[in-house]
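Residue numbers (the working numbering): 384 to 580.
From the three backbone atoms N, C-alpha and C, an ideal C-beta is built for every residue, glycine too.
A quick write-up on the structure given underneath.
So this is what it looks like as structure tokens:
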């Protein structure tokens, strides 16, 4: 069951080249979740990557915070048609994470506390295109927005930026995650409106 927040008021700026087709600009940060908000203490949080051979590399919160941290300024786009421009995040690049992972896989399944999953091609996670983010707008990420940490894949629709992320499973073949099994597009590019099957 989806949970919506207040703040879905938005307006379309037809002349704004930063808005993908069919999107509306919002100054709010609406909340859309596929269930209740998990409350994950950083003392219990971990993030792991399991490769296609079953080998697991994982980090505790403190170990993850010791990795190089990047500041990210980016636009985000939700499949429900809102876009928020110029958002500010801090997190660890997936490029940094994958320095510790041995893989020839082409796809990943992101797993979240609470059971949510979403599939992402590895090429969309690497090359400076995605992060595990733990701060938004200069403050720790609120649980409603995926805190303590969420995946940030801003060039895809925001359902791919899995909230409460705790790991990736690497796969040779693409498989649908939660929303993809329920009719959402397997890829999710906002610029070509890959919203649904």
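#1: Since I believe residue 530 is in contact with residue 523 (beta carbons under 8 Å), could you give me their beta-carbon distance rounded to a whole number of angstroms?
#2: Return helix, strand or coil for residue 448, following the three-state DSSP convention.
#3: Quick one: residues in its chain with C-beta nearer than 7 Å to the C-beta of residue 481, no 5 flanking neighbours on either side, listed in chain order?
#4: Taking 6 Å as the limit between beta carbons, can you name the residues of its chain near residue 441, skipping five residues before and five after?
#5: Between residue 504 and residue 557, is the Cβ-Cβ spacing less than 9 Å?
#6: Along the chain, where does the beta strand (DSSP E) containing residue 552 start, and where does it finish?
#7: Please state whether the Cβ-Cβ distance between residue 475 and residue 452 is less than 9 Å.
#8: Do you know offhand how far residue 393's Cα is from residue 565's?
#9: Taking the alpha carbon of residue 562 as the reference point, which residue from 483, 537, 492 has its own alpha carbon closest?
#10: Going by DSSP, what residue range makes up the alpha helix (DSSP H) through residue 563?
#11: Which first and last residues belong to the beta strand (DSSP E) in which residue 458 is found?
#12: Hey, would you say residue 512 sits closer than 9 Å to residue 538, going by beta carbons?
#13: How is the alpha helix (DSSP H) around residue 506 delimited, first residue to last?
#14: Kindly list the residues whose CB is nearer than 6 Å to the CB of residue 570, restricted to its own chain and excluding five residues on each side of it in sequence; keep chain order.
#15: Please classify residue 385 as buried or exposed, where buried requires at least 16 other C-beta atoms within 10 Å of its C-beta.
#16: With DSSP collapsed to three states, give me the class of residue 477.
#17: So residue 422 packs on residue 526, CB below 8 Å; how close in whole Å?
#18: Residues bridged to residue 431 by DSSP?
#19: Looking at the structure shown, is residue 482 part of a helix, part of a strand, or coil, going by DSSP?
Well, looking at it:
#1: About 6 Å separates the beta carbon of residue 523 from that of residue 530, a gap short enough to meet the 8 Å contact definition.
#2: In this structure, residue 448 counts as helix in the three-state DSSP scheme.
#3: So the qualifying residues of the chain are 509.
#4: Excluding residues within five positions, the ones whose Cβ falls inside 6 Å are 429, 431.
#5: Taking 9 Å as the Cβ cut-off, residue 504 and residue 557 qualify as a contacting pair.
#6: That run of the beta strand (DSSP E) goes 548-554.
#7: With respect to the 9 Å criterion, residue 475 and residue 452 are classified as neighbours on the basis of their beta carbons.
#8: Since pLDDT at residue 393 reaches only 46, below the 50 mark, its modelled position is unreliable, and no value is offered.
#9: Answer by Cα proximity: 492.
#10: Unbroken alpha helix (DSSP H) run through residue 563: 561-564.
#11: Counting along the chain, the beta strand (DSSP E) containing residue 458 begins and ends at 453-460.
#12: For residue 512 and residue 538, yes; Cβs fall inside 9 Å.
#13: Residue 506 -> alpha helix (DSSP H) spans 505-508.
#14: Non-local beta-carbon contacts of residue 570 in its own chain, meaning distances under 6 Å to residues more than five positions away in sequence, involve 577 in chain order.
#15: Unreliable placement is indicated for residue 385, whose pLDDT of 44 sits below 50; no coordinate value is reported for it.
#16: In the structure shown, residue 477 sits in a helix (DSSP, three-state: H, G or I).
#17: With 8 Å as the limit, residue 422 and residue 526 qualify as a contact, their Cβ atoms being about 6 Å apart.
#18: Partner residues in the beta bridge of residue 431, as assigned by DSSP, are 441, 550.
#19: The answer is helix: DSSP assigns residue 482 an H, G or I state.
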